[in-house]
Every structure is written in structure tokens, then in C-alpha cells.
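Chemist: Could you have a look at this structure, given as C-alpha cells, before my questions?
Protein chains: 2
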Amino acid sequence: MKISMKGKYAVRLMLDLAEHDFGEPVSLKDIAVRQEISEKYLEQVVSLLNKAGLVRSIRGPQGGYRLVRKPYDYKVGEILRMTESCFAKDGDGEEDASMILWNRIDDAVSSVIDTVTLEDLLTWQNENAYNYSI
Amino acid sequence: MKISMKGKYAVRLMLDLAEHDFGEPVSLKDIAVRQEISEKYLEQVVSLLNKAGLVRSIRGPQGGYRLVRKPYDYKVGEILRMTESCFAKDGDGEEDASMILWNRIDDAVSSVIDTVTLEDLLTWQNENAYNYSI
DNA sequence: ATATAACCTACGGATAAAGTAGGAAATAAA
DNA sequence: TTTATTTCCTACTTTATCCGTAGGTTATAT
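Chains A and B supply the protein sequences, listed in that same order.
Numbering of the first sequence is given in the numbering used here, commencing with residue 11 and proceeding in unit increments.
Numbering of the second sequence is given in the numbering used here, commencing with residue 11 and proceeding in unit increments.
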């Protein structure tokens, strides 16, 4: 399964916001430095998430972005479907003979991305960090 | 889930070969007409399947293509991974924090496409034709 | 007033999708 | 042996998306 940088960046950005969710907005610059991602490119990614209402932006000094919900209230599917063209809706339902196949693949993917939350990712990340620090 | 034309054509081509598997090779021209796909484009698709050893080609008059195995011996994953860039191997395993997520998506997709066979597609297709003919 | 941020649009190279086009090589049949 | 058929191969177009760069505009906290 090929996942684009855009999709990966979007998830990392949301994860970063979740990890620094202390009331103050988090600037793109900080995220870009921490995640080692071009800030300019991140701008375009976060713009998609902003328009989708997944984050809230605050302009001006000390501004930045914040999550609008709690991490456990974000399914990663919401993030990926906004940013990863593979996971976008197929649109033209052309009643193909293999429709059942495409639907099964859809269902399989959805069963993962519409179940796993941002909080799950945080948990896994920390478990992993713990394992490596032994 | 967005599936490309190339991937869909590849499946339809293999299905067509399975349906006309009577010992004689099936020409691309016939398939192109039946499936209403540009023959020239089909050439390029079938070339991938040929190089992967999924079909056997016979040149010259009365030539064409044949399946090398029985329909139940083809997983659709074999076909799709050759033709659908979404399903290709990701290559660079960059030990991302969300690796667990990508692996789960991978597993979910594989559990479908490495299980469903060409024969399954034929069956579903016929069931569907039956339902519509009532 | 100023510096800090988000916001917006456009541009660039690279890659892939979805074809189109033209010919070369093999081969069965006349 | 010639001919028609069919696969095979390479190159080209057009459109779109990825990944990133660049430059400027607007809002706002200090």
C-alpha cells in the first residue's frame, strides 16, 4: 500500500497537535521543525485539514493551530480521506462486474481507518518509544 | 478507494480470458471489442501481465492470449499489484511512528485481494446476471 | 508600529494515468 | 512463399497529482 507524503504529513501534523495540546495554539513553524517537514508544504496540507474543520486556526503572533476535538474523537480516516487521493471516494459508480470486489476492499480499508483514532496512534507511539528505551 | 482504469481493465481482461478459456487463444481485438476498451491501451496492460507470467501469448494469426492457470488459482492481488500503483509495495520502510497503522491497512487490503480469486469474480458476476434477469 | 503568524496564488520538476501512433517481428494459412 | 494476422516495442501527447518553492496579503498580540 503506497501512502503519499501528503497523507503521512497530515497524520504527523495531527499527532503533533495532539501531543502539544496545552491550550496554546501550536505554530506551523514549530511543527515543521519538530517533524522535519518543509513549513511551506505543511501550510498546504494543514489548509486542507482546516477547511475540513479538523483543526482551528488562530492568526497573528502566538497564533497557530489547535485540535477542535479530543484525540480519541478523530478517526484517522477523516484525516486520510482529506489528504490521500487513494482513500478518496471513487465517485463514478459504474456498476462494474467487479463492484463486489471494490466494495470489499473499501470495507476492509474502512474497517481500519474508521476505527483507529488519533489517540490510538499516540498510544502506539509511546509503547514503541518505551520498547526502544529499555 | 480509488481504483485506476488500468487496474480495472486488467481485471476485466483476465475475467474475459477466464470466460473464453476454451483451448484457443483469445485475441486482444476480441477482448477490446467485448469490453469496450481501446485495444492499443489494452496492449500495454496485457504486456504487464504477460511479463509477470500471468498470461501466455501466442503470436501470429489465430493468436492471442491464454491463462496459464485455472481461474481459482489466480488471486486478484496478483493482478492488481502489477497494474494498480496504489497496491504496489511501499518500498521505503522509514520506521514512521504510524507504521502500525500502515501495516494494519496493508493487512486489511491483503486479506481481501490475496483471498479473492478470478473464479470468485466469475461466480459473483453470474449471480449478479441472474438477479437482473428475473 | 512592528513582528508574528496564518492565508493565498502561482510556479516548477517529477511522476503517473490514459490513451494514440507507427512500425517490427513472428506465424498460420493461402 | 507471400500475405494477413496478431503480438510486441518504443515513443509521443495530454492531463493530473505529488512534492516542494516562492512571494505576497491579511489578521493580530505586544
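We treat Cβ as the ideally placed atom computed from N, Cα and C, and that holds for glycine.
Go ahead and pull the three-state DSSP assignment for B/S37.
Modeler: coil
Chemist: Leaving out the 5 sequence neighbours to the left and right, which residues in its chain are closer than 6 Å to A/H30 when beta-carbon positions are compared?
Modeler: The answer, listed in chain order, is V36.
Chemist: Are the beta-carbon atoms belonging to A/V126 and A/V78 less than 7 Å from one another?
Modeler: Not a contact, by the Cβ cut-off of 7 Å.
Chemist: Taking any Cβ of chain A, which residues in the stretch 18-42 of chain B have a Cβ under 9 Å from it, in chain order?
Modeler: Answer set for the stretch 18-42 of chain B: K18, V21, R22 and L25.
Chemist: What do you get for B/P71, buried or exposed, if any count of 16 or more other CB atoms within 10 angstroms of its CB means buried?
Modeler: exposed
Chemist: Which residues does DSSP pair with A/G74 in a beta bridge?
Modeler: A/G74 is bridged by DSSP to A/I68.
Chemist: Counting C-beta neighbours from all protein chains within 10 Å, is the total for B/Y84 16 or more, i.e. buried, or is it exposed?
Modeler: buried
Chemist: Please confirm whether B/Q135 has its beta-carbon closer than 7 Å to some beta-carbon of chain A.
Modeler: yes
Chemist: By a C-beta neighbour count over all protein chains shown, 10 Å radius and 16 as the cutoff for buried, is B/E137 buried or exposed?
Modeler: exposed
Chemist: List, in chain order, every chain A residue whose beta-carbon is nearer than 7 Å to that of B/Y123.
Modeler: Reading the sequence as shown, one finds Ile at residue 123 of chain B and not Tyr. Within chain A, the residues near B/I123 are I115.
Chemist: When DSSP builds the beta bridges, which residues end up paired with B/K85?
Modeler: B/T127
Chemist: Listing by chain order, which chain A residues have their CB less than 8 Å from the CB of B/V126?
Modeler: Listed along the chain, the chain A residues whose CB falls inside 8 Å of the CB of B/V126 are L111 and R114.
Chemist: With the cut-off set at 7 Å, would you say B/A62 and B/M15 are in Cβ contact?
Modeler: no
Chemist: Would you decide whether B/S95 is buried or exposed? Buried here means 16 or more other CB atoms lie within 10 Å of its CB.
Modeler: Around the CB of B/S95, fewer than 16 other CB atoms lie within 10 Å, so the residue is classed as exposed.
Chemist: Within 10 Å of its beta-carbon, does B/Y82 have 16 or more other beta-carbons around it, so buried, or fewer, so exposed?
Modeler: exposed
Chemist: CB of A/Y82 to nearest heavy atom of the ligand NAP: below 6 Å?
Modeler: Judged by which ligands are present, the structure shown has none, so any question about the ligand NAP falls away.
Chemist: Alpha carbon to alpha carbon, how far is A/I47 from A/S67?
Modeler: Rounded to the nearest angstrom, the two C-alpha atoms are 19 Å apart.
Chemist: Note down the Cα distance separating B/M11 from A/G33, rounded to an integer number of angstroms.
Modeler: 36 Å
Chemist: Our contact map puts A/V122 next to B/I115 with C-beta atoms below 8 Å; I'd like the distance itself, whole angstroms only.
Modeler: So it is a contact: roughly 5 Å between Cβ atoms.
Chemist: Taking buried to mean at least 16 other C-beta atoms within 10 Å of its own C-beta, is A/A28 buried or exposed?
Modeler: Here A/A28 is buried. Its C-beta has 16 or more other C-beta atoms within 10 Å.
Chemist: I want to verify the contact list: residues of chain A whose CB lies under 7 Å from the CB of B/D106, in sequence order.
Modeler: K18
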